[in-house]
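Asker:
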Amino acid sequence: MDFVVFAPNPWHDIWRNRQQIFSRLAVKHRVFYIEPARTSLSDWRRGRVVLHDLRRPAVIQERPNLWLYRVPAILPSRDTGGIFDRATDRLLAAHLHRTLKRLGFLTSAAHNSQFTVHSSPILWLYRPTHWRWAVGAIPHRLLVYHITDDYTAFGHLSADERDTLAAAERDLLAAADLTIVTAPRLLELKRTYARRIELVPNGVDFEAFQRAAANPRKLPQLQHLADQFPLIGYSGHISSRLDLPLLRQIALARPTWQFVFAGSEDPRGCEEELTALKAQPNVHFLGVLPVEDVPHSIAACDVCLIPYHVTDETLSISSLKLFEYLAAGKPVVSARVPAAEEHSAVVRIAEGKADSWIHGLETALAARSIPPQVAARQTVASGNSWTKRVGQIEEALVNAQSSVF
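See below:
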């Protein structure tokens, strides 16, 4: 199978389920991964486009069977949907078409200049925005829509943006040959509109986190905390979905505890709260770590956190970080969200107020190294490996193709 993937984040960004899935699919199949970054007309006007951007190749072969595509800087967008965007979109579609044909993702029928369905790739979308353009631009044998969050519940959206996104998603669900969702609540919300839908939760690179826990490597970013105890860790995206004021209260109440945050940041809707948290002397932000360092950053922690606000957005999350924490054998304290409650035998649930979280953290610290509990955590994680998840996805694709053709 060949895949053309419209991804919502660059390959070398913080690793999410798309990189985990397609790095594994690329072992047996070919993957063309289209990164989201695109220059805008205002970037050109403000001098943000430099010679390096113009010289940057559009296609890089990242590894055998995996190519990364970056939209050429000479094809900027105004994001207004006007004449300029339509013109550059046509040029971009033509460039993609030529590139895919050159790499063999698109092949012509022997006696026909038109591309056939059976010679075309599987088109994989992660967002409902601009989906009609993608479907029109890329000949494909199967259309897959992969939903990893309830996008319409994102807190930074206006009411109009939410309505527009919801309408686009309903249309895409109806058009997709296969929809994959990562959480049971997403299955409930989307199944009414989808033609064919499968639940495939997020997973974990179990061996990588288990190895790091057994043989941790000291990271330079954590050297100044080498003799500190305890280290309370969070790994993942840092945004308004986290209860940042709560975290600040906990840090203030336990000044000898060290809190470590590793991951990308989105300050929309939480800039003041994020700044206030960062101002605490026992709070440390490491930024985005290389994917190979993430298991070792978690291995260095004594307890790990899932400190979400409980909202429509977080009720629909399949927490990738939960399985990573558990694979490292770490105790986890989490907000009351379904992803954590499903594994309440190995996760401590904390309710709202700082006192509840502090009690949960203290209890978790006391049990952090008890061998049967460590083993129980890792057993849960091992049953949720990315290898298993990719097998589920391949089976779903085979079934979807058999029903289409």
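Residue -6 is where the sequence shown starts when you use our numbering, and the numbers rise one by one after that.
The beta-carbon is built from N, C-alpha and C at its ideal position, and this holds for glycine as well.
Note that this is a predicted model, so its numbers are computed, not measured.
(1) Locate the beta strand (DSSP E) running through D(-5), then write down its first and last residues.
(2) Exposed or buried, which one is T141 when buried takes at least 16 other CB atoms within 10 Å?
(3) My output table needs one value for A332: the three-state DSSP class, helix, strand or coil.
(4) So, is P132 buried or exposed, given that buried needs 16 or more other C-beta atoms within 10 angstroms?
(5) Please report the Cβ distance between S228 and G256, rounded to the nearest whole angstrom; I am assuming they are in contact, meaning their Cβ atoms lie under 8 Å.
(6) For Y138, which residues of its own chain have a beta-carbon under 6 Å away from its beta-carbon, when the five flanking residues on both sides are left out?
(7) Do you know how far the Cα of R63 is from the Cα of A51?
(8) Taking the alpha-carbon positions, what's the A86 to T92 distance?
(9) Assuming L218 and H302 make a contact with CB atoms under 8 Å, what is their CB distance in whole Å?
(10) Using the C-alpha atoms, what's the distance from V326 back to A357?
(11) Please give the ranges of any alpha helix (DSSP H) in the stretch 235 to 260, keeping only runs that are unbroken, at least 4 residues long and fully inside the region.
(12) Is the distance from the Cβ of H22 to the Cβ of N58 below 9 Å?
(13) Quick one: which unbroken alpha helix (DSSP H) runs of 4-plus residues sit fully inside the stretch 297 to 361? Chain order, please.
(14) Between which two residues does the beta strand (DSSP E) containing V24 stretch?
(15) Would you kindly check if the distance between the Cβ of Q54 and the Cβ of V284 is under 9 Å?
(16) Give me the Cα-Cα distance between L215 and D156, rounded to the nearest whole angstrom.
(17) Whole angstroms is fine: what's the gap from R329's alpha carbon to L239's?
(18) Please say whether V340 and A333 have beta carbons closer to each other than 9 Å?
(19) According to DSSP, is G280 part of a helix, a strand, or is it coil?
(20) Can you grab the Cα-Cα spacing for the pair I363 / C294, in whole Å?
(21) Suppose the cutoff is 7 Å on Cβ atoms and the five residues either side in sequence are ignored; what does the same chain contact list for K314 look like?
(22) May I ask you to list the residues that DSSP assigns as paired with W60?
(23) According to DSSP, what are the bridge partners of S378?
(24) Assuming W14 is part of the alpha helix (DSSP H), what are its boundary residues?
(25) Can you tell me the Cα-Cα spacing of Q371 and R361, whole angstroms?
(26) With DSSP run on the structure shown, which of helix, strand or coil describes G97?
(27) Hey, could you find the ends of the alpha helix (DSSP H) I291 is sitting in?
Answerer: From the atom records:
(1) In the sequence shown, the residue the question calls residue -5 occupies position 2. Start and end: D(-5) to F(-1).
(2) Residue numbering aside, residue 141 sits at position 148 when the sequence shown is read from its first letter. It is buried - the Cβ of T141 has at least 16 other Cβ atoms within 10 Å.
(3) As a working note, residue 332 is residue 339 in the sequence shown. Correct three-state label for A332: helix.
(4) If you number the sequence shown from 1, residue 132 lands on position 139. Burial call: buried.
(5) Locating residue 228 in the sequence shown gives position 235, where the first residue counts as 1. Locating residue 256 in the sequence shown gives position 263, where the first residue counts as 1. For a cut-off of 8 Å, the C-beta gap from S228 to G256 is around 6 Å, short enough to register as a contact.
(6) Here residue 138 corresponds to residue number 145 of the sequence shown, with the count starting at 1. The answer, listed in chain order, is L118, L165, A169 and T172.
(7) For the purposes of this step, residue 51 is identified with residue 58 of the sequence shown, where counting begins at 1. For the purposes of this step, residue 63 is identified with residue 70 of the sequence shown, where counting begins at 1. Straight-line spacing of the CA atoms in A51 and R63 works out to 5 Å.
(8) Start at 1 with the first residue of the sequence shown, and residue 86 comes out as number 93. Start at 1 with the first residue of the sequence shown, and residue 92 comes out as number 99. Taking the straight line joining both Cα atoms gives about 10 Å.
(9) For this step, residue 218 is matched to residue 225 along the sequence shown. For this step, residue 302 is matched to residue 309 along the sequence shown. Actually they do not touch by this definition, with Cβ atoms about 27 Å apart.
(10) Within the sequence shown, numbered from 1, the residue matching residue 357 stands at position 364. Within the sequence shown, numbered from 1, the residue matching residue 326 stands at position 333. CA-CA distance, A357 to V326, rounds to 7 Å.
(11) Taking only runs of at least 4 residues, the alpha helix (DSSP H) segments lying wholly in the stretch 235 to 260 are 237 to 246.
(12) As a position in the sequence shown, residue 22 is number 29, starting the count at 1. As a position in the sequence shown, residue 58 is number 65, starting the count at 1. For H22 and N58, yes; Cβs fall inside 9 Å.
(13) With a minimum length of 4 residues, the continuous alpha helix (DSSP H) runs that stay inside the stretch 297 to 361 are 305 to 308, 313 to 320, 331 to 334 and 347 to 359.
(14) Within the sequence shown, numbered from 1, the residue matching residue 24 stands at position 31. Element bounds for V24: R23 to I27.
(15) By one-based count along the sequence shown, residue 284 stands at place 291. By one-based count along the sequence shown, residue 54 stands at place 61. Their beta carbons are not under 9 Å apart, which means V284 does not touch Q54 by this criterion.
(16) For the purposes of this step, residue 215 is taken as the residue at position 222 of the sequence shown. For the purposes of this step, residue 156 is taken as the residue at position 163 of the sequence shown. Roughly 44 Å separates the two Cα atoms.
(17) Residue numbering aside, residue 329 sits at position 336 when the sequence shown is read from its first letter. Residue numbering aside, residue 239 sits at position 246 when the sequence shown is read from its first letter. The C-alpha of R329 lies about 14 Å from the C-alpha of L239.
(18) Taking the first residue of the sequence shown as position 1, residue 333 is located at position 340. Taking the first residue of the sequence shown as position 1, residue 340 is located at position 347. Yes, Cβ-Cβ distance for A333 and V340 is below 9 Å.
(19) As a position in the sequence shown, residue 280 is number 287, starting the count at 1. Correct three-state label for G280: strand.
(20) Stepping through the sequence shown from its first residue, residue 363 is reached at position 370. Stepping through the sequence shown from its first residue, residue 294 is reached at position 301. Spanning the two alpha carbons is a distance of roughly 15 Å.
(21) Here residue 314 corresponds to residue number 321 of the sequence shown, with the count starting at 1. The answer, listed in chain order, is S228, G229 and I299.
(22) Along the sequence shown, read from residue 1 onward, the residue named residue 60 stands at position 67. By DSSP's assignment, W60 forms a beta bridge with F25 and Q54.
(23) Here residue 378 is taken as the residue at index 385 of the sequence shown, counted from 1. Answer is V197, bridged to S378.
(24) Position 21 of the sequence shown holds residue 14. Going by the sequence as given, residue 14 is Ile instead of Trp. First-last of the alpha helix (DSSP H) with I14: N10 to L18.
(25) Working through the sequence shown from its first residue, we reach residue 371 at position 378. Working through the sequence shown from its first residue, we reach residue 361 at position 368. Take the alpha-carbon of Q371 and the one of R361: they are about 13 Å apart.
(26) Residue numbering aside, residue 97 sits at position 104 when the sequence shown is read from its first letter. The DSSP-derived three-state label of G97 is coil.
(27) Counting from 1 along the sequence shown, the entry for residue 291 is found at position 298. Element bounds for I291: V287 to A292.
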